Structures are given as C-alpha cells and as structure tokens.
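In terms of numbering that gives the first Met the number 0, the sequence shown has 125 at position 126, counting the first letter as 1, and numbering is strictly consecutive. Cβ atoms here follow ideal geometry from the backbone N, Cα and C, with glycine treated the same way. Every value quoted in this text rests on a predicted model; they were computed, and no experiment measured them. Written out below as structure tokens is the structure these notes cover.
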Amino acid sequence: MASILLFDSGMGGLSIYREVQRALPGHQYLYLFDNACFPYGELSEQRLVSRVVELFDTFVSRYPVDIVVIACNTASTYVLPALRQRLQIPVVGVVPAIKPAAEHSRAYGHGRVGLLATPGTVSRQYTADLIRNFAADLDVSAIGTTELVKLAEDKLSGQGVDRQRLGRVLSPWLGEWRPDTVVLGCTHFPLLAEELRLWLPDTRLIDSGEAIARRVASQLSPEALPGQGERARLFCTEWTTKARLQAAAFAMEGFGELQCLFP
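Structure representation (structure tokens):
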C-alpha cells in the first residue's frame, strides 16, 4: 500500500484527490494545506519556492511518503525542479490542460480557448510555452484571478457562492467574445464548475484531474498494491478557526482529525 501525499495552499487539491482516490483506492492518503501562506497565487516566486521546500523538509522527516502530488498549478509551475532535486521520491505536478483544451476546441468548437488561472500561473513563461506549443493557431484569452480561489474555499466551508462576484471575474468572456473551451488552470476552480456553467453554459470546462490520476498510477511501485486503506490524514500549517471549518469539509471526503504541522 502506497502513502500518497497531496499538497496545496488550501482546499483546491480536493479536486485532484477525488480523481486520484477514485482511480487508486485502498492506499494511504495524506493531505497538507499551507493555510498560513494562503493563497499561493499572491506570493513571489522566491518566497513560494523557499516556503514549499521548507514544508517538505519538515513533513517527509516526520511521515513516510512514497509519492508527492503538488495539487496546485501555481506551486507546480515554480517549485517542481527544487523539490525533485531535494526529494528521493516521485513528485507529480499539475499544469494547465492547454493541450487537451486545444484539441477539443479544434474538434468541436470555433477556436476560442479561455484559460482561467491564478495571476502567477497566467504570467508564468511555462504557461506561455504551453500555449505556443499546443494552441498557437487558436484565439486564447487568459483571466488571472485569486478571487475564485477564495470563492471555492468559501463554498467548501459551507458558505454560498456570490454569483455576481463570479460574473465580474468572468466579464471579459461574457460579451461578444466567448470561449468554447475553458482550461481550469487552478485546482480550486473545478470545485466551482456548477457555478461557472451558470455563466458559461455552452462552454466545455477542462481540468487536469484525470490526467494526474493516471500519472500517479504510472509512478507507483509495482509492489504498492492496494490494501484496506486507512482513513486519510489531514494536516495544516497554522491553527485557525477557518482551518477547523475546513477540516469539517475534509471530513465529508473521508479525512480524519486535523493535525497541525507546526503545533
């Protein structure tokens, strides 16, 4: 049985956890969210890399881990090289699903692809390279926002989603120019799929969840056979009232009692 760690600054990695756990049941799951530095989309590259490396140095020294999933697009675009150099276990990252979105738009749409991500992901050279390599012939429009990250966190904490607030974020796509396909380039955003479809009813939403699940499966050791599957374990980096509310949402996904990495 493998020990699989998923990591994000908040609850967005749940969208990845659901896909990985569905594809690979019977393994031990751990989830660490860095609520002390949430949201990552507002951190500088240098601060983000040093913070994540610090967290993983601490975590893997205390808990056995066989594979890491950086369930955050922003973190993945910055920290993967540093973590892979630091850790002796596989590290799987999440990147915007530009390639499958472009393929879908060519086959079924009219060549208009939207990228919905955090400002850090939108401005990253890695993202520009993905668009150049896989969607250069298409009309691509990007919206960089941390507003939807916060809306997704509110939703999972039991609060309603403000539809008008969401509409203001999407306003560049609600006039003459409308995307036929949208890349959900942040793991928080699939958690708002129902609300996004209210504004973009004819648009195909594409995320990386299933692809990440396949990647994790391919990286597991052949000896890591499914077992009984212990209850998933949940860790934060700071004790707050909000973290306790978030823990209740994680409990509905099968996670145990919240623990703090830095008590």
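Any chance you could list the beta strand (DSSP E) runs of at least 3 consecutive residues sitting entirely within the region 86–123, in chain order? If you keep only unbroken beta strand (DSSP E) runs of at least 3 residues inside the region 86–123, you get 90–92, 111–116.
Every unbroken alpha helix (DSSP H) inside the region 140–183 [4 residues or more]: Uninterrupted alpha helix (DSSP H) stretches at least 4 residues long and entirely within the region 140–183 occur at 146–155, 162–169, given in chain order.
Should Val68 and Ile88 be called a contact, given that it needs their Cβ atoms to be closer than 8 angstroms? Not a contact, by the Cβ cut-off of 8 angstroms.
Phe254: first and last residue of the uninterrupted beta strand (DSSP E) it sits in: Element bounds for Phe254: 254–259.
Boundaries of the beta strand (DSSP E) in which Phe55 is found, first to last residue: Looking at the DSSP string, Phe55 is not in any beta strand (DSSP E); the run it does join, the alpha helix (DSSP H), is 44–61.
Please classify Tyr107 as buried or exposed, where buried requires at least 16 other C-beta atoms within 10 Å of its C-beta. For Tyr107, the number of other beta carbons within 10 angstroms of its own is below 16, and it is reported as exposed.
What are the residues that DSSP puts in a beta bridge with Tyr30? In DSSP, Tyr30 forms a bridge with Leu5, Leu233.
For Asp138, write down the residues that DSSP places opposite it in a beta bridge. DSSP output for Asp138 lists Arg111 as bridge partner(s).
Between which residues of its own chain and Ser2 is the CB-CB distance below 6 angstroms, once the five residues before and five after are set aside? The residues are Gln27, Pro63, Val64, Asp65.
Closest to Pro95 by C-alpha separation, out of Gln84, Gly110, Arg17, Ala70, would be which residue? For Pro95, the closest C-alpha among the options Gln84, Gly110, Arg17, Ala70 is that of Ala70.
Going by CA-CA distance only, name the one from Ala100, Gly12, Ala35 that's closest to Thr240. Answer by Cα proximity: Ala35.
When DSSP labels each residue in this structure, what does Leu219 get in the three-state scheme? DSSP places Leu219 outside both helix and strand once states are collapsed to three, so it counts as coil.
Whose C-beta lies closer than 6 angstroms to the C-beta of Ala141 among residues of the same chain, with five residues either side of it excluded? Taken in chain order, the residues that qualify are Leu114, Val121.
Assess contact between the region 138–156 and the region 203–218, defined as three or more Cβ pairs (one per stretch) separated by less than 8 angstroms. Is contact present? Between the region 138–156 and the region 203–218, the count of C-beta pairs closer than 8 angstroms stays below three; the two stretches do not touch.
Sorted by chain position, which residues of the same chain lie with C-beta nearer than 7 angstroms to Gly92's C-beta, five sequence neighbours on each side aside? Around Gly92: Ile69, Ser75, Leu79.
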